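Participant: Those protein sequences? They're chains A and B, same order as listed.
Each residue of the first sequence is one higher than the one before, counting from 19 in our numbering.
Each residue of the second sequence is one higher than the one before, counting from 6 in our numbering.
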Amino acid sequence: MRMIGCYLTGIFPRPKELVEATRGYDRGKVDENELEKAFENSTLKVVNAQSSAEFSYFIDGMLKWQDLFRPFTENLSGVKAGSLTRWFNNNIFYRKPIIVGDIRRKQSIVKEVTYTKYLPRKLPWKAILLAPYTFVQLSANRFYKDMAEFMFKYARILREEIEDLAQLGFKYVQLSDPALVYKPIDMSVSKDELNLTSEALKIAVKGTPVTTCLQTFFGDFSRILPEALDFSVDHLGIDLYETDLKKLKEYSFEKGVALGLVDSRSSLVEDEDELVKVAEEIVGSIYSSKMLEVFVCPNCDLEFLPWERAEEKLKVISGVADRLREEF
Amino acid sequence: MNNLFPTQEMGSLAKPLWRVKGYRGKPLSKEEITEAVNWGRKLGIKNSDELAKLLGEKDSSGRRKSILEWSARYAIRFFEATGLDVVFDGEQWRSEMYEHVIRNTFGFQFLGYVKSFDYRYFNKAACVDKPRYVKPFYVDEFLFTRENTEKKVKVPYTGPYTLVDWTFNEYYEKRLSREVRDFKRRKFEAKRAFLFDLIKEVIRPEISKLVASGAKWIQIDEPAATTNPAEEEMELFVKSFNETVRDFSCVFSLHNCYSNYEVLAKYACKLRNCSQLNLEFANRDSRQSGIGNTRKGYKEIKLFEEHGFRGNYGLGVIDVHTDFIEPPELVRDRILHVAKMIGDFGRVYVSPDCGLRTRTWEVSFQKLRNMVLGAELARKALK
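Below you can see the structure in the form of structure tokens.
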């Protein structure tokens, strides 16, 4: 296993031709078959882009995911899709899940919206799901008596999903948890909520046959330290455009890290030299004795960018990973 | 104009098909041309047959300009016919609130479509050079509107904070890359630099021209005002508003909708020269008539009051995201509820939640007409 890897961390932007097809579909000018064909072609394009950039794990681009909730909102019983709601501090919107009954999983959820047939046979696959804290925080709970009950129930569903994904051949599962660090007013999550998160993650991932990562973004990862160091995941994902790096470097890590070195919310293509330097400093500080796995990645879903810029950023990610491999 | 509960529109009105297709030089069907004529008759517009003739002509720059003027004339008359006190042209001259400004300003490049939600996207630009004023982008539209109405005119103006928030910031992030090492700080400082350059180089020069041309009331549209609710960002928004309107002899109001009013309420009292907050409430409210607890959608007005905002409210009493036609009695009760809550009837203006561009003209007309009737009922109730 290489110590330095690279991968994507979320929904990839739709290429121009898919944007046109989906808009045409909305206007009744493109039929289901044509739309499906457009999704398939674009998925191939995303997989090929990762291939060219020699990524360590592959995703299908998640082009069908209308938002990170939607496959769950539409396929779990006990949940219905609510109104459009702002996705944190972005000009992108998701449908708020409304919890109206006990949530139950009827079938594999991710499988239905993932083009596994286009993922490379001989290279490892990665899946991305919403973490318990974010799922619960951003849903409207009209059923469970408290946050703990809801979070643990969702964690059990996640576990079933992860086990299915492992059966399908996925080797790596990322749990996206922006709400855990996005605290623009309160500044940080409470200790009680961190404890609940820790318990829920244990339920969701402990003992599952995949490598897991808790990917945080849109907020300062240092605010959930040191508690996050004990979460039951293998890797921790950090948004370096929101995190206080000085504070981060004060801690010693015994887990792998996914460094969100490339900014998905800026179209400016990063300077590789600068990213390499920042990564070296972080790795040098947090692994004082034994270095563990390090992934170079975007700080969050690249869907905030038009396709061309996202594609350029893949090359930067790959370039930085190459140079860090030489270094370490 | 009514002194008590004046009624106003909030900006956009849907563009008729003959305006959209006609402006793009696409052929129009007989039905589409007939629709233009019928609305002309309904609104009492003289010579609407001339429009029909124009729409049948070949595409040319002159024809396109005439089509814009006709659609603006229609929209102005549309608002007048509903009985509104304050009008504009339904933003018929603008492609869209964001693109219109960006396309008419130096320093920007459109990068392509990014997702908004589901299969909806928006064309997002990057700031690639220091923004520079090229030519007026609102003045001609304002002058045309003023010449075509006797009513009070309010100019909707896309605010600088929103323009910056919706734009990639390549130029300033690159410029600061050597000076500021910390990524987070760099992005914030780059945003600040972009914002205040845009205000100085583009936003204020246009306001200056509008004021010199006779504009008396400008509505700064800032839908992104509370997108970033952190204190530092909200302070930046407040400073941007204050700098935008500084020293102009003109009335300014702020329009913000589908937003976090708990956050906005804390900062509204810091806005200088902001005579009115145009806010969206109907969308959050119940459809039952009555005042008091029924009017749960208006509870946040209390927060603005508690935090010391003492300007007027442009009270959203019409939900622009539904075809439900609010009865005049419901409008009346929404007005009276808030007027009594703040204890000063003179501070309430009556508006739709936002621009009506997503509704058909038929629905918009009925909604605005009932809004005007509801305001009349509220005035009568107080007599």
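By construction, the Cβ of each residue, glycine as well, lies at the ideal position given by its N, Cα and C atoms.
Just so we're clear, the structure is a prediction, and the values are computed from it rather than from any experiment.
1) List, from N- to C-terminal side, the beta strand (DSSP E) runs of 3 residues or more that fit wholly inside the stretch 22-46 of chain A.
2) Give the range of the beta strand (DSSP E) segment to which GLY302(B) is assigned.
3) For SER285(A), which residues in chain B fall below 7 Å Cβ to Cβ?
4) Where ALA230(B) and GLU181(A) are concerned, what is the direct C-alpha to C-alpha distance, given to the nearest angstrom?
5) Can you say whether ARG209(B) is buried or exposed, counting buried as having 16 or more other CB atoms within 10 angstroms of its CB?
6) Who pairs with ARG123(A) in a beta bridge, going by DSSP?
7) Of the choices ASP248(A), LYS55(A) and PHE236(A), whose alpha-carbon is the least far from that of LEU214(A)?
8) Does any residue of chain A have a CB that is nearer than 7 Å to the CB of VAL106(B)?
9) Which word fits THR12(B), buried or exposed, when buried means at least 16 other C-beta atoms lie within 10 angstroms of its C-beta?
10) At a CB-CB cut-off below 9 Å, which residues of chain A make contact with THR12(B)?
11) Where MET19(A) and VAL312(A) are concerned, what is the direct C-alpha to C-alpha distance, given to the nearest angstrom?
12) Around the C-beta of PHE235(A), are 16 or more other C-beta atoms found within 10 angstroms, so that it is buried, or is it exposed?
13) Should ASN261(B) be labelled buried (16 or more other beta-carbon atoms within 10 Å of its own) or exposed?
14) Cβ closer than 9 Å: which chain B residues qualify as neighbours of LEU2(A)?
15) Need the endpoints of the alpha helix (DSSP H) that ASP145(B) sits in, please.
16) Using the Cα positions of LYS116(A) and ARG88(A), report the straight-line distance between them to the nearest angstrom.
17) Could you check if ILE306(B) is buried or exposed, using at least 16 other CB atoms within 10 Å of its CB as the buried criterion?
18) Three or more beta-carbon pairs under 8 Å between the stretch 184-193 of chain B and the stretch 244-260 of chain B, yes or no?
19) Give the C-beta separation of ALA149(A) and ASP195(A) to the nearest angstrom, bearing in mind that I take them to be a contact with Cβ-Cβ under 8 Å.
20) Could I get the ranges of all uninterrupted alpha helix (DSSP H) runs contained in the stretch 199-267 of chain A, with 4 residues as the minimum, in chain order?
21) Give a yes or no on whether the minimum CB-CB distance between ASP44(A) and chain B is below 7 Å.
22) Counting only Cβ-Cβ distances shorter than 8 Å, please list the residues of the stretch 76-104 of chain A near chain B, keeping chain order.
23) In whole angstroms, give me the CA-to-CA distance for LYS55(A) and PHE111(A).
24) Just to confirm before moving on: does the CB-CB distance between ALA67(A) and LEU323(A) stay below 7 Å?
25) Let me know the secondary structure DSSP gives ALA130(B) once reduced to three states.
26) Should GLN192(A) be labelled buried (16 or more other beta-carbon atoms within 10 Å of its own) or exposed?
27) What do you reckon, are the CB atoms on LEU53(A) and ALA39(A) nearer than 7 Å?
28) List the endpoints of the continuous beta strand (DSSP E) containing TYR118(B).
29) If we ignore side chains and look at the alpha-carbon of each, how far apart do PRO31(A) and GLU58(A) end up?
30) Please go through the same chain and pick out, in chain order, the residues whose beta-carbon is closer than 8 Å to the beta-carbon of LYS5(B), but skip the five residues on each side of it.
31) Quick check on ASP226(B): does DSSP put it in helix, strand or coil?
32) Once DSSP output is grouped into helix, strand and coil, what is the label at LEU141(A)?
33) With respect to 6 Å, is the separation between the Cβ of LEU141(A) and the closest non-hydrogen atom of the ligand MN below this value?
34) Would you tell me roughly how many angstroms separate the C-alpha atoms of TYR3(A) and PHE113(B), rounded to the nearest one?
35) Taking Cβ positions only, does GLU330(A) come closer than 7 Å to chain B?
Facilitator: Looking at the atomic coordinates:
1) For the beta strand (DSSP E) assignment, the uninterrupted runs of no fewer than 3 residues enclosed by the stretch 22-46 of chain A are, from N- to C-terminal side, 22-24.
2) Per DSSP, GLY302(B) lies in no beta strand (DSSP E) segment and is marked neither H nor E.
3) Under the 7 Å cutoff, chain B gives LEU116, ALA131, PHE173 and GLU175.
4) C-alpha separation (whole angstroms): 43 Å.
5) Buried: at least 16 other Cβ atoms inside 10 Å.
6) Looking at the DSSP assignment, ARG123(A) forms a beta bridge with LEU94(A).
7) Comparing alpha carbon positions, the residue from ASP248(A), LYS55(A) and PHE236(A) closest to LEU214(A) is ASP248(A).
8) Not an interface residue.
9) So THR12(B) counts as buried.
10) Simply none; closest approach about 28 Å.
11) Confidence in MET19(A) is poor, its pLDDT being 44 and thus under 50, which makes the residue's placement unreliable; the coordinate value appears in the next sentence. A straight-line Cα-Cα distance of about 11 Å links MET19(A) and VAL312(A).
12) So PHE235(A) ends up on the buried side.
13) Taking all protein chains in view, the Cβ of ASN261(B) is crowded by 16 or more other Cβ atoms within 10 Å, so the residue is classified as buried.
14) Residue coverage of chain A in this structure runs from 19 to 346, which leaves residue 2(A) outside it and unanswerable.
15) In the DSSP assignment, ASP145(B) falls within the alpha helix (DSSP H) that extends over 144-152.
16) The sequence given here places Ile at residue 116(A); Lys does not occur at that position. Near 12 Å, if we compare the C-alpha coordinates of ARG88(A) and ILE116(A).
17) Taking every protein chain shown into account, the CB of ILE306(B) has 16 or more other CB atoms within 10 angstroms, so this residue is buried.
18) Not touching, per the Cβ criterion.
19) Contact flag correct, Cβ pair sits at about 4 Å.
20) Fully enclosed alpha helix (DSSP H) runs of 4 or longer: 209-223 and 263-266.
21) Closer than 7 Å: yes.
22) Here the close residues are GLN84, ASP85, LEU102 and ARG104.
23) Between LYS55(A) and PHE111(A), the alpha-carbon positions lie close to 26 Å from each other.
24) No.
25) When DSSP states are grouped into helix, strand and coil, ALA130(B) belongs to the strand group.
26) By the C-beta density criterion, GLN192(A) is buried, having at least 16 other C-beta atoms within 10 angstroms.
27) Contact: yes.
28) Here the beta strand (DSSP E) through TYR118(B) covers 110-122.
29) Going by the C-alpha atoms only, they are around 14 Å apart.
30) Nothing can be reported for residue 5(B): it is not among the residues displayed for chain B, which extend from 6 to 388.
31) Strand.
32) Three-state result, LEU141(A): coil.
33) Among the components modelled here there is no ligand, and therefore nothing to report on the ligand MN.
34) Coverage of chain A is limited to positions 19 through 346, which leaves residue 3(A) absent and any answer about it impossible.
35) It does not; no Cβ of chain B falls within 7 Å.
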